[in-house]
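**Q**
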Ligand SMILES: [Zn+2]
Ligand SMILES: [Zn+2]
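Residue numbers (my numbering): 111 to 435.
1. Excluding sequence positions up to five away, which residues of its chain have a Cβ less than 7 Å from the Cβ of residue 382?
2. Grab me the residues of residue 137's own chain with a C-beta within less than 8 Å of its C-beta, minus the 5 sequence neighbours each way, in chain order.
3. Name the residue from 266, 250 and 218 whose alpha carbon lies nearest to the alpha carbon of residue 237.
4. Report all residues from its chain with a CB closer than 7 Å to the CB of residue 341; omit the five preceding and five following residues, and keep chain order.
5. Specify, as a first and last residue, the run of the beta strand (DSSP E) that residue 139 falls within.
6. Could you check how far apart the C-beta atoms of residue 376 and residue 429 are, in whole angstroms? I think they sit under 8 Å.
7. Please tell me whether residue 179 and residue 248 are closer than 8 Å, where the distance is taken between their beta carbons.
8. Compute the Euclidean distance between the alpha carbons of residue 127 and residue 134, then round it to the nearest angstrom.
9. Would you kindly report the start and end of the unbroken beta strand (DSSP E) that includes residue 421?
10. So which residues put a beta carbon under 7 Å from any heavy atom of ligand 2, going in chain order?
11. Provide the residue span of the beta strand (DSSP E) that contains residue 222, from first to last.
12. Let me check you understand the geometry: is the CB of residue 413 closer than 7 Å to at least one non-hydrogen atom of ligand 1?
13. To the nearest angstrom, report how far apart residue 431 and residue 417 are at their CA atoms.
14. Would you kindly check if the distance between the Cβ of residue 157 and the Cβ of residue 188 is under 8 Å?
15. Check whether the Cβ atoms of residue 282 and residue 362 sit closer than 8 Å, and answer yes or no.
16. Taking only three categories from DSSP, how would you classify residue 406?
17. How long is the line joining the alpha carbons of residue 155 and residue 425, rounded to whole angstroms?
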């Protein structure tokens, strides 16, 4: 299903089967010489079929199209190898570029260490949809940086680095018209997952703080229309930014309340947090749901550790958290 959003800007809805995200918005900006395709869907037959149908409906060829992926997650990068042609430029941040080149070979090893240290026993990266439906390596990658510009047809876009939801993440902004492609940095009726990726015992990057900083950065721009990578167009970006900030502040307070004077590991904290899983109890969550909930708890716990509010201890192979004295 395709839809024209603005002159020369189209949305293709790419289904994500059995995934609570439901679908991905892949956008096409038609250019005079080359088009720009933004995000692709998982490496799954349903995504490929929807992308092929969308390409036919909109009448564009990948021989005349470059691809920009907003961040490393499999629902955005999964079909890049399938869509790439010899002349296609794949534009992405430096972190995602390493993954395309196969250089982040320890990426999923780190993730397994995170699961063990977080106390999610018995779950491995093989349960992660981003691993199950990842794409293959590509060699035509061009790294983009904060502030880089690209002209596509009538539009002049600027890339804005917005890490937090992933170790790096890029939004695309048209200043004259106030158009923002927000990727997964800002979503409308669902909250972007903020998850730790490094092993929690040695994590030194505060991705939640980086996420807050990236929200501040977008808030300073003049934005009229926000086009997210999932679900509907966001009518008021500034209201949504305030809601997302408030959501994470509440989460941080909930975690402090759950911990009290006690000492807990990540999965214990996650099992007591409030999740929108249609009334399911923690022990009824799927492995993927536990991964996302556990990762979110760990990013918040790590934020509190790096702010000096909590301390972490390695006991056995798990990391425990308690109040700093
Ligand atoms: Zn994502
Ligand atoms: Zn996504």
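C-beta atoms are modelled at their ideal positions from N, C-alpha and C, and glycine is treated no differently.
**A** The answer reads as follows:
1. In the chain shown, residue 382 corresponds to position 272, counting from 1. Apart from sequence neighbours up to five positions away, the residues of its chain that approach residue 382 with a beta-carbon distance below 7 Å are 368, ordered along the chain.
2. Numbered from its first residue, the chain shown carries residue 137 at position 27. Cβ-Cβ distances below 8 Å link residue 137 to 115, 119, 120, 121, 122, 147, 148, 149, 291 and 337 in the same chain, with the five nearest sequence neighbours on each side left out; the list follows chain order.
3. On the chain shown, residue 237 is found 127 positions in, with the first residue counted as 1. That would be 218, whose Cα lies nearest to the Cα of residue 237.
4. Start at 1 with the first residue of the chain shown, and residue 341 comes out as number 231. Around residue 341: 297, 298, 299 and 300.
5. Indexing the chain shown from 1 puts residue 139 at position 29. Note, residue 139: beta strand (DSSP E), 133-139.
6. Taking the first residue of the chain shown as position 1, residue 376 is located at position 266. Taking the first residue of the chain shown as position 1, residue 429 is located at position 319. Contact holds; Cβ gap of about 7 Å.
7. By one-based count along the chain shown, residue 179 stands at place 69. By one-based count along the chain shown, residue 248 stands at place 138. Against a cut-off of 8 Å, the Cβ pair of residue 248 and residue 179 comes out as no contact.
8. To locate residue 127, count along the chain shown from 1; it is residue 17. To locate residue 134, count along the chain shown from 1; it is residue 24. So the alpha carbons of these two residues sit roughly 11 Å apart.
9. Your numbering for residue 421 matches position 311 in the chain shown. Here the beta strand (DSSP E) through residue 421 covers 420-425.
10. Those residues are 131, 134, 183, 185, 186, 294, 339 and 340, given in chain order.
11. Position 112 of the chain shown, counting from 1, holds the residue named residue 222. For residue 222, no beta strand (DSSP E) segment is defined; the enclosing uninterrupted segment is the alpha helix (DSSP H) at 217-227.
12. To locate residue 413, count along the chain shown from 1; it is residue 303. With a threshold of 7 Å, the Cβ atom of residue 413 does not count as near ligand 1, since no heavy atom of the ligand is closer than that.
13. Within the chain shown, the letter at position 321 stands for residue 431. Within the chain shown, the letter at position 307 stands for residue 417. Cα to Cα, the separation comes out at about 13 Å.
14. The sequence position of residue 188 within the chain shown is 78, counting from 1. The sequence position of residue 157 within the chain shown is 47, counting from 1. Judged by beta-carbon spacing, residue 157 lies within the 8 Å limit of residue 188, meaning their Cβ atoms are closer than that value.
15. Position 172 of the chain shown, counting from 1, holds the residue named residue 282. Position 252 of the chain shown, counting from 1, holds the residue named residue 362. In this structure, residue 282 lies away from residue 362, with their beta-carbon atoms at least 8 Å apart.
16. Counted from its first residue, the chain shown places residue 406 at position 296. For residue 406, the three-state secondary structure derived from DSSP is helix.
17. What you label residue 155 is simply residue 45 of the chain shown in a count that begins at 1. What you label residue 425 is simply residue 315 of the chain shown in a count that begins at 1. Each residue's Cα considered, the two are about 44 Å apart.
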